[in-house]
Every structure is written in structure tokens, then in C-alpha cells.
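Q: Take a look at this one; I'll ask things after.
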């Protein structure tokens with residue numbers, strides 16, 4: 011119980027800090043006044059319409075990525091799995107890059123194209139991995155994901171090579187991840203897309219425990235293995251596709267957070283998934299705050315910050331684990 | 312309460328893309344309260360037969376029934392409440408404590424949502440005790456030896472409170488004491504609790520001493536079925552396992568001693584039993 | 303003796319010219335004679351070559367070189383930042399002009415190894431147009447025309463800087479991209495243009511040419527206008543997005559679009575560009 015309180019307190023602290031700090035250099039007092047709608051209108055707008063939705067969105071995306079990572083690690087029975095393993099990042103990146111290169115209009119062109127690209131990659135990998143009727147072979151899933159991802163990345167490289175320099179740079183910056191498009195509307199859309207997969211995955215907690223024993227033991231312990239694998243794959247993929255469409259490709263959260271929770275807590279998924287959600291959300295929210303503020307007025311891509319934070323954390327965890 | 316737990320009628324199964332069937336025309340019954348041994352060499356179709364009995368595979372010909380219904384038609388959780396299976400090899404990828412691993416055996420009864428209660432915890436404790444794994448309860452499963460891990464899995468199977476217990480080569484990694492204890496445990500459960508036991512093994516000597524009935528498989532077909540005294544003869548063993556054996560009568564059962572090449576010069580007592588001097 | 307004297311005079315002239323050329327063009331291997339077959343690997347270089355009267359000597363350009371219109375009839379050798387060495391060599395150049403960048407360093411080495419004369423030049427700021435014109439003049443034997451053009455341009459720049467601009471200062475943000483937001487800083491050429499136009503770049507404190515910032519920073523610095531680079535629609539699509547409404551200039555739809563190539567790179571057309579910019583800003587203020 012103490013651990014949950016500590017985790018909750020951490021989450022609230024991180025959210026609060028992410029709202030108070032920022033490149034605009036606002037004093038904490040002004041931020042608080044801005045929250046309740048008093049003071050300079052620009053400050054109010056910055057706090058209410060930019061910082062709050064951005065902090066919350068970063069939290070939700072981080073939490074979703076961590077949950078997806080944990081689920082995929084159980085599904086493919088590989089501790090090194092992460093949300094982008096299934097070819098999603100390649101597909102999303104290709105979609106986004108094509109949208110930029112073709113100059114597709116519309117405020118939502120790039121995120122929509124990224125989502126479409128991710129879904130196409132999901133469908134392709136699924137098709138590759140379905141053998142003999144409806145059985146989903148998870149080894150082929152892994153391999154198919156790597157292959158589709160590599161293919162998409164190659165196409166992306168070709169498109170970028172033929173693009174003018176500004177498009178190249180913009181595409182690369184988008185791919186490195188960021189929450190600049192955060193608003194209440196983006197937050198609402200993401201929350202609407204993420205809610206169902208998150209709930210479904212949580213409800214599959216116990217079957218997930220069984221699945222990590224292996225497919226055959228899981229089946230004999232009462233799990234409906236084939237429908238379960240399909241559900242896990244589709245829910246995890248949709249969740250990741252939504253995250254990529256909104257925020258680009260942000261690594262390490264999905265890979266490292268589940269392991270951190272397993273080491274600190276346990277790995278029955280009933281506690282692992284919610285704890286990973288909160289810790290992953292806190293990490294990404296903090297990383298975004300750092301990305302916005304560390305080199306103000308310049309912004310770092312969030313993916314860079316999560317990697318810089320993630321690598322030492324991972325190293326410490328691995329040392330503890332093998333100790 | 313069904314009298315027949317498992318039944319196969321002319322059941323065959325061919326894996327997709329395989330040249331030959333893994334099991335052909337299998338016909339036999341496992342009655343409630345019996346301890347049945349399934350013996351045969353590697354590749355004889357023992358594991359495939361088990362998968363058919365448990366509904367994990369649907370027969371490509373013939374029928375397989377579990378508790379009177381086609382095995383493949385059972386809902387997995389319902390079947391898991393009645394049959395517990397200890398498979399040959401299990402390698403979990405993530406760390407678990409023994410107690411948690413055994414508690415997973417309660418899933419068929421509690422399902423995905425119901426919280427675990429003191430009743431469940433008692434059953435887990437009892438299962439650990441019966442499998443002689445209580446001392447291991449707080450260990451990480453990655454730190455267990457092969458034999459210890461198998462005992463933990465037997466405990467998990469017991470936590471399912473099954474009517475039938477199926478062990479697929481589950482004693483392969485156990486040392487003498489633990490293998491004997493596993494066989495004794497299953498025999499005791501069958502005798503005292505009325506469980507039905509199905510033991511797949513290639514240790515025909517142990518099976519001959521423990522099983523009420525034996526089913527002998529060779530190349531996917533049932534070549535003999537019945538009490539050990541009838542079904543497990545030297546002729547059968549030699550034909551199926553493709554190795555000459557000498558026979559020893561021991562305390563009412565037949566024990567088979569594989570011959571050495573050097574012994575080949577001495578005419579062996581094929582078909583004739585030798586008594587202990 | 304007459305022949306010997308003439309030869310000696312020729313040799314001396316050659317030596318002086320070589321010394322002068324070497325002194326004026328420090329980087330890269332430079333031909334002793336004026337180049338007659340020049341491949342240009344940047345649009346700004348192509349434009350400058352034509353402006354100083356060396357356009358007839360250009361035998362190769364990049365796909366992005368579109369000004370002046372005469373340049374379009376010259377064969378393209380591909381991209382300038384990732385040059386196609388084979389295509390360049392096929393034009394049989396006696397001089398290849400590179401834009402300073404790390405991405406074409408490998409091609410530069412390869413051409414040098416093949417014995418082709420190369421030169422690298424920075425073309426990022428207006429001052430580079432002056433030095434570039436002088437250098438290219440020497441390299442292509444059009445020094446007289448090039449030097450006079452360069453001098454005139456330099457003088458015009460100075461007098462433009464010297465004239466103070468009337469009225470209250472307009473503050474702008476130079477936005478190169480929206481997601482993520484990329485602005486032009488003090489090191490950028492467009493910064494020079496707006497400064498000459500008498501307008502303040504709110505991100506002029508950034509030393510670099512461009513940088514990624516957050517919308518929050520733009521909102522906090524509260525520019526009066528948003529200057530859009532390379533945007534063709536009268537109002538950009540992203541202007542309707544909710545997060546951009548925090549920036550007053552976006553909320554009030556105060557945009558200035560800079561679409562010509564004269565706004566994208568430093569050229570002799572810069573002063574005309576400044577005039578157009580001043581007019582556009584004046585319009586947008588009303």
C-alpha cells in the first residue's frame with residue numbers, strides 16, 4: 011500500500027512540476043494564478059491551453075507506452091520487446107514522412123498519415139504471422155515486425171533522400187518525438203482512442219500471467235490462448251499507433267519501465283500494468299519538461315531525453331537483476 | 312460423475328504439412344479412478360495423443376472424448392477445472408516466486424477477475440505440502456533446479472483441484488528419490504482421493520509397477536493396451552523399443568533389463584522369464 | 303632575346319596571377335587559368351555566377367538551381383548536398399563549386415582525388431555574397447565585373463543599414479516549420495533581411511541560424527506578426543489548431559508569406575527582397 015502511495019505522490023509531483031516549469035520563464039506564483047484564470051491573459055493561455063494539456067498528454071502517452079511494452083514482452087515472451095518491435099514505428103514514420111514530403115495539407119495530415127502507416131504495418135505483420143488458420147505464431151510476429159519495420163525504414167530513407175533539406179530536417183525532428191502539438195483537443199482524441207485498449211489489456215492481466223509461462227501451460231491452465239493473443243496484439247498495436255500519431259517515436263519507455271516495475275514490485279500483471287502506467291507516465295512527463303526547459307528557448311526532441319535518461323536507468327537495473 | 316474420463320475411438324491426427332500421421336486409429340479408454348501409463352519411444356505420438364485427449368488438437372479422423380464430450384469442444388477453463396496437466400518442458404521468461412507460480416493454478420476456479428481469498432491460499436499451501444515443495448515457497452523459480460521446478464509444477468497442478476492428473480514425461484529431470492516420490496504421489500492420489508492419473512513415460516519399468524493399465528504406442532498406433540501383465544511383455548517391449556531386453560519377475564511385476572552388446576553372445580531369455588535366484 | 307624576354311614576361315605574369323589567385327582564394331585546389339567549365343552545387347552559387355557574367359561558363363547545376371531562368375537550360379547533376387560524383391565528372395568540369403557542409407565532404411574528397419579542381423564557399427549571410435562574388439570573379443576570369451558588382455552591393459547594404467527606420471518597432475517571429483516549431487535565429491539570413499527592413503526578430507538572441515522551440519516560448523515573446531517561409535496557402539492549415547491560438551499573432555491571423563527564392567538564400571536580389579518585405583509588413587500591420 012505504501013508503494014502505491016509513493017508512486018501516486020511521484021506522479022502528482024511530476025505533473026505539478028511539468029506545469030510550473032517551462033521555457034517561458036513564468037514565476038510559480040504567476041502559474042498558479044494563471045491556472046485559476048487570474049493575471050496576464052498570455053500567461054493564462056500558456057498555462058491552461060499549453061502546459062496543462064501537454065503535461066497530461068505526455069503522462070497518458072508514457073503510461074500507454076509502458077503498458078504496451080509490458081504486454082508485448084509477455085506476448086512474445088521476450089524481455090527485450092518494446093512497442094515499436096512490431097514494425098509500427100517504421101510504418102508510422104513512413105506515413106509521416108510521406109505526408110511531409112508530399113506537402114499534404116490539413117492540420118491533421120501528419121498525425122493521420124502516421125496512424126494510417128502504423129495500421130498498415132500492423133495489418134501486414136499480422137497477416138505474416140497468422141499460420142494454419144487462425145493461429146498467431148509469436149516468433150513470426152517478432153521476425154515479421156523487424157522485417158516490415160526495416161522495409162518501411164528503407165522506403166523512408168529513399169523518400170528523405172529525394173526531399174529538399176528543410177523537409178528532411180522536419181521529418182527527422184518529427185520522428186524523434188515531441189509534444190508540440192498538444193492541446194485539449196489532441197488530449198481528448200488520444201484519451202478516447204486509448205481508453206478501450208487500456209481497459210481491455212488490464213482485464214487480461216491474469217491470462218497474461220498464464221501466457222508468460224508458455225502457450226501450452228497457459229492453455230492447460232484454462233487460458234483461451236488464440237483469442238487472447240489476437241486481443242493482446244490488436245489492443246497493443248492500436249495503443250501504440252495512437253501514441254505515435256500524437257507524439258512521434260519515443261523509445262525506452264516501453265522497454266525499461268516494465269522491467270523497473272518487475273524488479274521493484276512483482277510481475278503479476280494485475281499490479282504490473284497499473285504501476286507501469288503511472289511510472290511510465292511520470293517518466294515521459296518529466297522527460298518532456300526537461301526537453302522543453304533544459305536548453306530554453308530551444309527544445310530538445312523528447313525521444314532524445316528519454317534515451318539519455320533511460321540508458322543509465324537500464325544499466326543500473328540490469329546490474330541489480332544479474333546480481 | 313462420468314465413469315469414463317478419456318476415450319479415443321479410431322482417432323488419428325496428422326500435423327499440417329506432415330508426410331505421415333502422428334497418431335493413427337487410436338482406440339482406448341481411461342476409466343475414473345485408474346492410473347494409466349502411456350509408454351512408447353520418442354516420436355511414437357505420446358504427446359500428440361495427450362493433446363488430442365485434452366482437446367488442444369482436434370482429431371483429423373475418429374473421435375476423442377473427455378468426460379463424455381468431444382475433447383476439442385470443451386471450454387478451456389471448464390476443462391482446466393477438471394484436468395490438470397504437467398507438460399514436459401516449461402520455461403517461463405519472467406521471474407516469479409514459487410508461491411505465485413503455484414497460485415496460478417487457481418485460475419480455472421477464480422477466473423480473470425475474482426480476487427483470491429483465504430480458501431485459495433489454503434489450497435495452494437496444501438498443494439505445496441503434498442508436492443514436498445513448501446520449503447521452496449519463497450524462492451524465485453529461476454533459482455530452482457530442474458527437479459525442484461518439476462515439483463513446483465506438480466504442486467500447481469494439484470492447486471487446480473482436478474479430477475484427473477496428466478503428467479507428460481514430468482519425471483524426466485527428477486532424481487531417483489523425487490521420481491519415486493512423484494509416482495508415489497500420483498498413486499496415492501488415485502488410491503486415496505479417487506483421482507484419475509495418466510502418466511506418459513518411457514520408464515516402462517516404473518509404469519509396470521504403478522499403473523493399473525498400460526497403453527503402448529509405436530509409430531502413432533496403439534500396439535497393446537491392458538493391465539501391465541498382459542500388455543507389457545518382452546516381445547512388445549523389444550518390438551516397440553527396438554532393443555533386446557531380458558525379463559525379470561520381481562514381486563509380482565515384470566521388469567525389463569536392456570541387454571548389452573557384450574551379452575549378445577549369451578543367448579538371452581527372450582519371451583522366457585527368469586526368476587531372481 | 304626578344305622571345306626570351308616575352309617568355310620571361312609571360313612566366314612572371316603567370317606567377318603573379320597565380321600568387322594573386324592563391325592569395326584571394328584560400329580554400330581548395332584552384333586552377334591557374336580561369337575556369338571555363340564550372341559545375342555549381344548550390345542555387346546561391348549558380349545565381350551568383352550568372353550575376354557576375356559567368357553564366358556561360360556554367361555546365362552543371364543542381365536540381366534546385368532555378369534562378370535565373372537561363373539556368374534551367376543547363377544540365378542538372380543532381381542534389382548539391384549529396385552530390386553525384388559520376389554526373390559531375392561527366393560534365394568534364396575544370397572547377398566544381400561546393401557549398402560548405404559536412405554532407406558533401408566525401409564527394410569533395412573523391413573529386414580532389416580524381417584531380418578535379420574544387421572550391422568550397424559559405425553562402426549563409428549577405429556578407430558571403432560580397433566575398434563570393436569577388437572570389438568567383440577571380441576563378442572565372444570575370445574579376446572586373448564581379449568586383450564592381452560586389453562593391454556596389456556592399457555599399458548599398460551599408461547605406462541601407464545606416465538609414466534608421468521610422469515608426470514603432472514591429473516584432474516578428476520567422477517560422478520555418480510548425481510541427482515541431484522551427485524558428486530562424488540571429489544567425490540566419492532571413493534575420494538579416496528583417497533587420498534591414500527595420501523589424502525585430504523576437505528570436506534574434508539565438509546565435510544559430512535556426513532552432514526548434516516550443517509554442518509556449520513563441521507565445522511568451524508575443525510577436526506582432528508571423529513571417530512564414532515557404533508557405534503557399536494564404537493561411538496555413540496549422541493556424542486553425544487549438545494549441546497555436548495561444549500565440550496572439552496566430553489568433554489574429556497576422557501572417558506575412560515569403561515565397562520567392564530571394565527570401566530563401568542570400569543573393570544580389572536581397573535589397574529588392576527587403577523592399578518587398580517592408581511593403582508586406584506594412585500591409586499586415588493594418
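Chains as they are written, first to last, in the working numbering: chain S, 11 to 333; chain G, 312 to 588; chain E, 303 to 588. Just so you know, even glycine gets a beta-carbon here, dropped at the ideal spot from N, CA and C. As the structure is a computational prediction, the values presented were derived from the model and not from experiment.
1. Using the C-alpha atoms, what's the distance from residue 526(G) back to residue 585(G)?
2. Report, in whole angstroms, the separation of the C-beta atoms of residue 182(S) and residue 514(E), which I expect to be a contact under 8 angstroms.
3. I'd like the ranges of any beta strand (DSSP E) spanning at least 3 consecutive residues and lying wholly in the region 116 to 141 of chain S.
4. Could you compute how far the alpha carbon of residue 352(G) sits from the alpha carbon of residue 498(G)?
5. Helix, strand or coil: which one does DSSP assign to residue 318(G)?
6. Would you identify the three-state DSSP class for residue 526(G), choosing helix, strand or coil?
7. Check this for me: beta carbons of residue 488(E) and residue 500(E), under 8 angstroms apart or not?
8. Is the Cβ of residue 405(G) closer than 8 angstroms to any Cβ of chain S?
9. Below 7 angstroms on C-beta distance, what does residue 418(G) contact in chain S?
10. Name the DSSP bridge partner or partners of residue 475(G)?
11. With a threshold of 8 angstroms between beta-carbons, can residue 226(S) be considered close to chain G, or not?
12. Using Cβ-Cβ distances below 8 angstroms, what residues of the region 339 to 366 of chain G are close to chain S?
13. Short check: CB of residue 63(S) to CB of residue 255(S), under 8 angstroms?
14. Just to confirm before moving on: does the CB-CB distance between residue 485(G) and residue 441(G) stay below 8 angstroms?
15. On the three-state DSSP scale, how would you describe residue 310(S)?
16. At the level of alpha carbons, what is the spacing between residue 176(S) and residue 403(E)?
17. Listed from N- to C-terminal order along the chain, which residues in the region 452 to 465 of chain E have their beta-carbon within a distance smaller than 7 angstroms of any beta-carbon of chain S?
18. Determine, using beta-carbon pairs with one atom in the region 71 to 79 of chain S and one in the region 294 to 301 of chain S, whether at least three such pairs fall under 8 angstroms.
19. Hey, would you say residue 125(S) sits closer than 8 angstroms to residue 246(S), going by beta carbons?
20. Given that residue 152(S) touches chain G, what residues does it touch there, using C-beta distances under 7 angstroms?
21. Could you check the C-alpha separation between residue 401(G) and residue 474(G) for me, to the nearest Å?
22. Any Cβ of chain S within less than 8 angstroms of the Cβ of residue 514(E)?
23. Excluding the 5 residues preceding and the 5 following residue 173(S) in the sequence, name in chain order all residues of the same chain whose CB lies nearer than 6 angstroms to its CB.
24. Just reading off the beta strand (DSSP E) that residue 401(E) is part of, what are its end residues?
25. So the candidates are 156(S), 328(S), 39(S); which of them puts its Cα closest to the Cα of residue 53(S)?
26. Please state the DSSP three-state secondary structure of residue 531(E).
27. Taking only three categories from DSSP, how would you classify residue 369(E)?
28. Taking C-beta pairs closer than 9 angstroms, name the residues in chain S that residue 423(G) reaches, listed in chain order.
29. Under a three-way DSSP split, which group does residue 381(G) fall into?
30. Output, in sequence order along the chain, the residues in the region 42 to 53 of chain S whose CB is closer than 8 angstroms to any CB in chain E.
31. Would you kindly work out how many angstroms separate the C-alpha atoms of residue 512(G) and residue 350(G), rounded to a whole number?
32. With a threshold of 8 angstroms between beta-carbons, can residue 508(E) be considered close to chain S, or not?
33. What in chain G is Cβ-close to residue 89(S), meaning under 8 angstroms?
34. According to a CB-to-CB cut-off of less than 7 angstroms, which residues of the region 182 to 205 of chain S neighbour chain E?
35. Secondary structure at residue 313(G), three-state DSSP: helix, strand or coil?
36. Give me the Cα-Cα distance between residue 419(G) and residue 11(S), rounded to the nearest whole angstrom.
A: With the structure as the only source:
1. As a first step, residue 585(G) must be located in the second chain, where it is residue number 274. As a first step, residue 526(G) must be located in the second chain, where it is residue number 215. In this prediction, residue 585(G) scores a pLDDT of 48, lower than 50, which makes its location untrustworthy; the coordinate-derived value is nonetheless stated afterwards. Roughly 24 angstroms between the two C-alpha positions.
2. Along the first chain, read from residue 1 onward, the residue named residue 182(S) stands at position 172. Along the third chain, read from residue 1 onward, the residue named residue 514(E) stands at position 212. 11 angstroms between Cβ atoms; not a contact.
3. none
4. As a working note, residue 352(G) is residue 41 in the second chain. As a working note, residue 498(G) is residue 187 in the second chain. Cα-Cα distance, rounded: 23 angstroms.
5. Here residue 318(G) is taken as the residue at index 7 of the second chain, counted from 1. In the structure shown, residue 318(G) sits in a strand (DSSP, three-state: E or B).
6. Here residue 526(G) refers to the residue found at position 215 when the second chain is read from its first residue. Residue 526(G): strand per DSSP, three-state reduction.
7. On the third chain, position 186 is the one that residue 488(E) refers to. On the third chain, position 198 is the one that residue 500(E) refers to. The answer is no: Cβ separation not under 8 angstroms.
8. For the purposes of this step, residue 405(G) is taken as the residue at position 94 of the second chain. Judged by the 8 angstroms Cβ criterion, residue 405(G) is in contact with chain S.
9. Looking up residue 418(G) in the second chain gives position 107. Those within 7 angstroms of residue 418(G) in chain S are 216, 220, 231, 232.
10. Counting from 1 along the second chain, the entry for residue 475(G) is found at position 164. Answer is 394(G), 507(G).
11. Numbered from 1 along the first chain, position 216 holds the residue referred to as residue 226(S). Judged by the 8 angstroms Cβ criterion, residue 226(S) is in contact with chain G.
12. 365
13. Here residue 63(S) refers to the residue found at position 53 when the first chain is read from its first residue. Here residue 255(S) refers to the residue found at position 245 when the first chain is read from its first residue. It is not a contact, given that the beta carbons lie outside the stated cut-off.
14. The count along the second chain starts at 1 and reaches residue 485(G) at position 174. The count along the second chain starts at 1 and reaches residue 441(G) at position 130. No; because the gap between Cβ atoms is not below 8 angstroms, this pair is not in contact.
15. On the first chain, position 300 is the one that residue 310(S) refers to. Three-state DSSP puts residue 310(S) in coil, outside helix and strand.
16. Looking up residue 176(S) in the first chain gives position 166. Looking up residue 403(E) in the third chain gives position 101. Those two C-alpha atoms are separated by around 14 angstroms.
17. none
18. yes
19. Locating residue 125(S) in the first chain gives position 115, where the first residue counts as 1. Locating residue 246(S) in the first chain gives position 236, where the first residue counts as 1. Cβ distance not < 8 angstroms, so residue 125(S) and residue 246(S) don't count as in contact.
20. Residue 152(S) sits at position 142 when you count from the first residue of the first chain. Ordered by position in chain G, no residue passes the 7 angstroms Cβ test against residue 152(S), which lies about 13 angstroms from the chain.
21. Here residue 401(G) refers to the residue found at position 90 of the second chain. Here residue 474(G) refers to the residue found at position 163 of the second chain. Each residue's alpha carbon lies about 23 angstroms from the other.
22. Against the third chain, residue 514(E) aligns to sequence position 212. Interface residue, yes.
23. If you number the first chain from 1, residue 173(S) lands on position 163. Excluding positions up to five away in sequence, the list reads 111.
24. The residue labelled residue 401(E) in the question sits at position 99 within the third chain. Its beta strand (DSSP E) spans residues 397 to 401.
25. The residue you call residue 53(S) lines up with position 43 of the first chain. Cα-wise, what sits closest to residue 53(S) is 39(S).
26. The residue given as residue 531(E) occupies position 229 in the third chain. In the structure shown, residue 531(E) sits in a strand (DSSP, three-state: E or B).
27. Within the third chain, the letter at position 67 stands for residue 369(E). Correct three-state label for residue 369(E): coil.
28. In the second chain, residue 423(G) corresponds to position 112, counting from 1. Neighbours of residue 423(G) on chain S, chain order: 213, 214, 215, 216, 217.
29. As a position in the second chain, residue 381(G) is number 70, starting the count at 1. Strand at residue 381(G).
30. 52
31. Reading the second chain from its first residue, position 201 is the one you call residue 512(G). Reading the second chain from its first residue, position 39 is the one you call residue 350(G). Those two C-alpha atoms are separated by around 5 angstroms.
32. Start at 1 with the first residue of the third chain, and residue 508(E) comes out as number 206. Yes, contact with chain S.
33. The count along the first chain starts at 1 and reaches residue 89(S) at position 79. Simply 404, 405.
34. 183, 184, 188, 190, 191, 192, 193, 194, 195
35. As a working note, residue 313(G) is residue 2 in the second chain. Three-state result, residue 313(G): coil.
36. Stepping through the second chain from its first residue, residue 419(G) is reached at position 108. Stepping through the first chain from its first residue, residue 11(S) is reached at position 1. Answer to the nearest angstrom: the Cα atoms are 28 angstroms apart.
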